[in-house]
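Counting from -15, one number per residue, gives the positions in the first sequence under our numbering. Every residue, glycine too, gets a C-beta built ideally from N, C-alpha and C. Just so we're clear, the structure is a prediction, and the values are computed from it rather than from any experiment. Right, one structure below, let's go through it.
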Amino acid sequence: MSQDQIKRQIQDKFPDLLAEKPKKQEEREGLPPLEGAEHGKVVTRFPPEPNGYPHIGHAKAAIIDEEYAKMYGGKLILRFDDTNPEAERLEYYAAIKVGLDWLEVKYDRVKNTSDDIELLYKKCQEMLDGNYAYVCTCKQETISANRREMKPCKCSMGELEQNKDRWDKMFSKFGQGDAIVRFRGNMSSENTVMRDPVMFRIIETKHPLLGDKYRVWPSYDFAVAIEDSIDGVTHAFRTKEYELRNELYYIILDLLKMRKPKVIEFSRLGFEGMPVSKRVLRPLIEEGKVSGYDDPRLPTLEALKRRGIRQDAIRKFVLSLGFTKADTLAPFETLESFNRKIVDPESIRLHMVKNPASIKIRDLPSGTITMPNHPTKDMGKRTIELGEEFYLESEDIEKLKPGDAIRFMGLGNVKITSQSPAEGQYVGDELGTNIPKVHWVAQKNAQKIKVLIPSQLFIGEEFNAASLQEINVFTEPHYNELKEGKEIQFVRFGYCRKDSMLQAIYTHK
RNA sequence: GCUCCUGUGGUGUAGUCCGGUUAAGCAUACUGCCCUCUCAAGGCAGUGAUCCCGGGUUCAAAUCCCGGCGGGAGCACCA
């Protein structure tokens, strides 16, 4: 049989074998495809609780939410999940918006879970009417003990009427801690969240938006499910620690006969030695160990920005991490690398000397020198006034012996005539190849500034007391002309962001 | 402790659903060379993974099955 014949026979008898396999995915760009996503119909949501300043973790979530909406021509909703007045504050609603603006995450709609509180009550009513929930007046300790021991609560035995009555009382007679409404789950479920979880509780604290108008507040589990459903969310992303709550989420919507979004989880993003939790950050701020939420050692968006990290570097970085459930302690150096590439072409080059040693140069041909602000990009030039006295890095100067020739970058060649005191003589401007090149600062008009060098806040569990190094340095007067927030590359040192007139923050090498 | 999730080079991942065409792609880190008045950026090349371990299925397994082990999370009137 010839090859062709064989082929024909196979085609006749076993067409399956020749069927094109669904081609393997080609190199994918960005996020993996979403299950059940229809172009134009995807709705995602970013649901932060306004209880703190946004950080890199929020960035990851928001960017993923936005990217997917964008990928499918859908919509992104920003929804403040403000159902616990004890934790939330007005300033945080604003801070989160500021953070999102900086990240250039654009949402199509903003809302608050608290906007829907009446509707949430109505849904709770439905649950109560269907006997899918009950009001429990047990003490907190009793409740958690029963949970642990898988024992049903005596309140769950009550009549519909009792629940109705108690529910009404939650709005009048009962005070905080007196009663909660509980989902009728399964006290012997292996999944502890199904052991009659809380749906509503009384909180007397004023709500940042609604004041004291309401005191019965839904729990997260009840609110997200309802909200996601009525908001038209098709794909709801949350971090892995919520995974066990999926069962509850879906069952609530089933019982209420509401549309069910698809919940998908991803791993949390954190950096080594850079805690994100308010529990550990707050004491640090209170004790003055860090200056505030924008201390450059912190992973808050404000801090990252202040440190000189760009918005688009964060986005690239987040996307490079992939959409997985594997625990990741992300490599900060990767973020830095993305950032460096963004910042490099727009950073002015300046000289800065950190461990200054003086040297006197004779026979300079001119009292000024003009230098380009960037080696390849056209970013203008600056003119520097010179005297005879210069600062060099002491480690550069230490290597010099009389007779040596060095290149003052951008200025010219200098022959060393004396070691101490260090002195040299200008010997021309031809650019030799093997001559050591050093950066320098003219002492005339030299600017004294401080450079903050952040490093890892925690080493293991230990607070790293040396995590913020401050050095006093000399730089060129041109520094004064730069706008605050500008990124600079100090030649042979690294990238820094101008924080103020007197201070720059080291971004990375 | 119980339950759930997870495990690919130093690091982060792609590929795992639908087993072969990849003894594994990319990024980052590292090394070397080129370029360069920077220890930056750019260009090129390279080092580096028996795909956690042990069994099994199969002509064939990172990919399927079973059992271990490691890591993380949940067990709140927080989200």
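Would you check if there are 3 or more beta carbon pairs closer than 8 Å linking the segment 473 to 487 to the segment 332 to 351?
yes
If you compare alpha carbons, which of 27, 70, 72 is closest to residue 62?
27
Between which residues of its own chain and residue 416 is the CB-CB distance below 8 Å, once the five residues before and five after are set aside?
389, 391, 397
Do residue 151 and residue 67 have their C-beta atoms closer together than 8 Å?
no
Residue span of the beta strand (DSSP E) that contains residue 202, given as start and end:
200 to 202
The alpha helix (DSSP H) enclosing residue 83, as first and last residue numbers
74 to 87
Out of 493, 463, 48, state which residue places its alpha-carbon closest to the alpha-carbon of residue 253.
48
Are residue 378 and residue 341 closer than 8 Å when you measure CB to CB?
yes
Going by C-alpha to C-alpha distance, which of 433, 25, 193 sits closest to residue 100?
193
Find the nearest neighbour of residue 41 within the set 74, 385, 258, judged by alpha-carbon distance.
258
Under the three-state DSSP convention, the category residue 485 falls into
coil
Between the Cα of residue 356 and the Cα atoms of 364, 349, 350, which residue gives the shortest distance?
364
As a quick exercise: from 136, 489, 33, 110, pick the residue whose alpha carbon is nearest that of residue 122.
136
Whole-angstrom Cβ separation of residue 454 and residue 470, contact assumed at under 8 Å?
Incorrect: roughly 20 Å between the Cβ atoms, too far for contact.
With 16 other Cβ atoms within 10 Å as the buried cut-off, status of residue 450
exposed
According to DSSP, residues forming a beta bridge with residue 335:
Answer is none; residue 335 lacks a bridge partner.
By the 10 Å Cβ neighbour count, where 16 or more other Cβ atoms means buried, how is residue 314 classified, buried or exposed?
buried
On the DSSP letters alone, give me the boundaries of the beta strand (DSSP E) that residue 411 sits inside.
407 to 412
With burial defined as no fewer than 16 other Cβ atoms inside 10 Å of the residue's Cβ, what is the status of residue 247: buried or exposed?
buried
Could you spell out where the beta strand (DSSP E) holding residue 316 opens and where it closes?
Segment 316 to 327 is the alpha helix (DSSP H) holding residue 316; no beta strand (DSSP E) there.
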